[in-house]
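A short worksheet on the structure shown next.
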Amino acid sequence: GDSVTQMEGPVTLSEEAFLTINCTYTATGYPSLFWYVQYPGEGLQLLLKATKADDKGSNKGFEATYRKETTSFHLEKGSVQVSDSAVYFCALSDFGGYQKVTFGIGTKLQVIP
Amino acid sequence: NAGVTQTPKFQVLKTGQSMTLQCAQDMNHEYMSWYRQDPGMGLRLIHYSVGAGITDQGEVPNGYNVSRSTTEDFPLRLLSAAPSQTSVYFCATGNQPQHFGDGTRLSIL
Chain V
1 GDSVTQMEGP
11 VTLSEEAFLT
21 INCTYTATGY
31 PSLFWYVQYP
41 GEGLQLLLKA
51 TKADDKGSNK
61 GFEATYRKET
71 TSFHLEKGSV
81 QVSDSAVYFC
91 ALSDFGGYQK
101 VTFGIGTKLQ
111 VIP
Chain E
114 NAGVTQTPKF
124 QVLKTGQSMT
134 LQCAQDMNHE
144 YMSWYRQDPG
154 MGLRLIHYSV
164 GAGITDQGEV
174 PNGYNVSRST
184 TEDFPLRLLS
194 AAPSQTSVYF
204 CATGNQPQHF
214 GDGTRLSIL
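Order-wise, the sequence lines are chains V and E.
Taking my numbering, the leading residue of the first sequence gets 1, the next gets one more, and so forth.
Taking my numbering, the leading residue of the second sequence gets 114, the next gets one more, and so forth.
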């Protein structure tokens, strides 16, 4: 079945540092890939997405590129801020049946001033 | 502009009690789902629905029931609460992407 692998963290960075959160996936078809962000006390919200190989999703300075050859969708940001502290979830949605969404376990990011 | 509304936000139950977690959406999405979020486990799918009158089991359905009588509402019922059901529960609508409510934090004593 489908699966998403990401480190749990926590990842602690100083403000303005470069961020990479790795995400790799296993899927039988050609899934769409997503990054969601969860701020404390809130639900998940979509950060960015990519629907086919070599697509780059971007939003709020975050980027991720759909790499079919390495089955990866790593999240990057050039300069993190304290306000980026949150939990980040990688997810995929396959086109089989009801388009079930599979989530990774989430990576907690803490940015310190 | 409510989106997905979950009630209650917090609840404490005793073992063996039953309760219903409410989820309402105004986005006219056919697909709705319930997840539980536990430390180190990520999000696990409990039940989902692809439209009014249609529900199916997800990854961890035991101890939970759902129904979908309208497009807008998708309640989750705990039949006889157990401490293992202590968790944060999220309702979501749509699937590419999903839209989440703010969650219900449930403690079973």
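Every residue, glycine too, gets a C-beta built ideally from N, C-alpha and C.
Under 8 Å between C-beta atoms, does residue i make it to chain V?
{"i": "Met154(E)", "result": "yes"}
{"i": "Asp139(E)", "result": "no"}
{"i": "Phe213(E)", "result": "yes"}
{"i": "Gln130(E)", "result": "no"}
{"i": "Phe123(E)", "result": "no"}
{"i": "Asn178(E)", "result": "no"}
{"i": "Gly216(E)", "result": "yes"}
{"i": "Pro196(E)", "result": "no"}
Beta-carbon separation of residue i and residue j under 8 Å?
{"i": "Val82(V)", "j": "Leu13(V)", "result": "no"}
{"i": "Thr70(V)", "j": "Thr26(V)", "result": "no"}
{"i": "Cys90(V)", "j": "Val37(V)", "result": "no"}
{"i": "Met7(V)", "j": "Thr107(V)", "result": "yes"}
{"i": "Gly116(E)", "j": "His212(E)", "result": "yes"}
{"i": "Ser32(V)", "j": "Gln209(E)", "result": "yes"}
{"i": "Thr133(E)", "j": "Pro188(E)", "result": "yes"}
{"i": "Cys204(E)", "j": "Met140(E)", "result": "no"}
{"i": "Thr184(E)", "j": "Glu143(E)", "result": "yes"}
{"i": "Gly214(E)", "j": "Gly43(V)", "result": "yes"}
Just the Cα atoms here: how many angstroms apart are residue i and residue j?
{"i": "Lys127(E)", "j": "Val201(E)", "result": "16 Å"}
{"i": "Ala194(E)", "j": "Cys136(E)", "result": "19 Å"}
{"i": "Ala86(V)", "j": "Thr206(E)", "result": "22 Å"}
{"i": "Ile105(V)", "j": "Asp151(E)", "result": "9 Å"}
{"i": "Ser162(E)", "j": "Arg181(E)", "result": "7 Å"}
{"i": "Tyr88(V)", "j": "Phe18(V)", "result": "15 Å"}
{"i": "Asn22(V)", "j": "Val179(E)", "result": "35 Å"}
{"i": "Ser197(E)", "j": "Gly153(E)", "result": "15 Å"}
{"i": "Phe62(V)", "j": "Glu76(V)", "result": "6 Å"}
{"i": "Ser93(V)", "j": "Lys68(V)", "result": "14 Å"}
{"i": "Ala16(V)", "j": "Gly78(V)", "result": "First, the residue type needs correcting, since residue 16(V) is Glu and not Ala in the sequence shown. Distance between the alpha carbons of Glu16(V) and Gly78(V) is about 8 Å."}
{"i": "Gln124(E)", "j": "Ser131(E)", "result": "12 Å"}
{"i": "Gly166(E)", "j": "Thr120(E)", "result": "22 Å"}
My output table needs one value for residue i: the three-state DSSP class, helix, strand or coil.
{"i": "Val173(E)", "result": "coil"}
{"i": "Ser197(E)", "result": "helix"}
{"i": "Ser85(V)", "result": "coil"}
{"i": "Tyr39(V)", "result": "coil"}
{"i": "Ala205(E)", "result": "strand"}
{"i": "Leu48(V)", "result": "strand"}
{"i": "Ala53(V)", "result": "coil"}
{"i": "Ser182(E)", "result": "coil"}
{"i": "Glu143(E)", "result": "coil"}
{"i": "Thr70(V)", "result": "coil"}
{"i": "Leu13(V)", "result": "strand"}
Please confirm if residue i has its CB atom under 8 Å from at least one CB of chain E.
{"i": "Val82(V)", "result": "no"}
{"i": "Lys105(V)", "result": "Residue identity differs from the one stated: residue 105(V) is Ile in this sequence, not Lys. Judged by the 8 Å Cβ criterion, Ile105(V) is in contact with chain E."}
{"i": "Lys49(V)", "result": "yes"}
{"i": "Gln45(V)", "result": "yes"}
{"i": "Glu63(V)", "result": "no"}
{"i": "Ser32(V)", "result": "yes"}
{"i": "Phe89(V)", "result": "yes"}
{"i": "Ser3(V)", "result": "no"}
Determine which residues share a DSSP beta bridge with residue i and list them.
{"i": "Gly164(E)", "result": "Ile167(E)"}
{"i": "Leu19(V)", "result": "Lys77(V)"}
{"i": "Ser32(V)", "result": "Ser93(V)"}
{"i": "Tyr25(V)", "result": "Val4(V)"}
{"i": "Met132(E)", "result": "Leu191(E)"}
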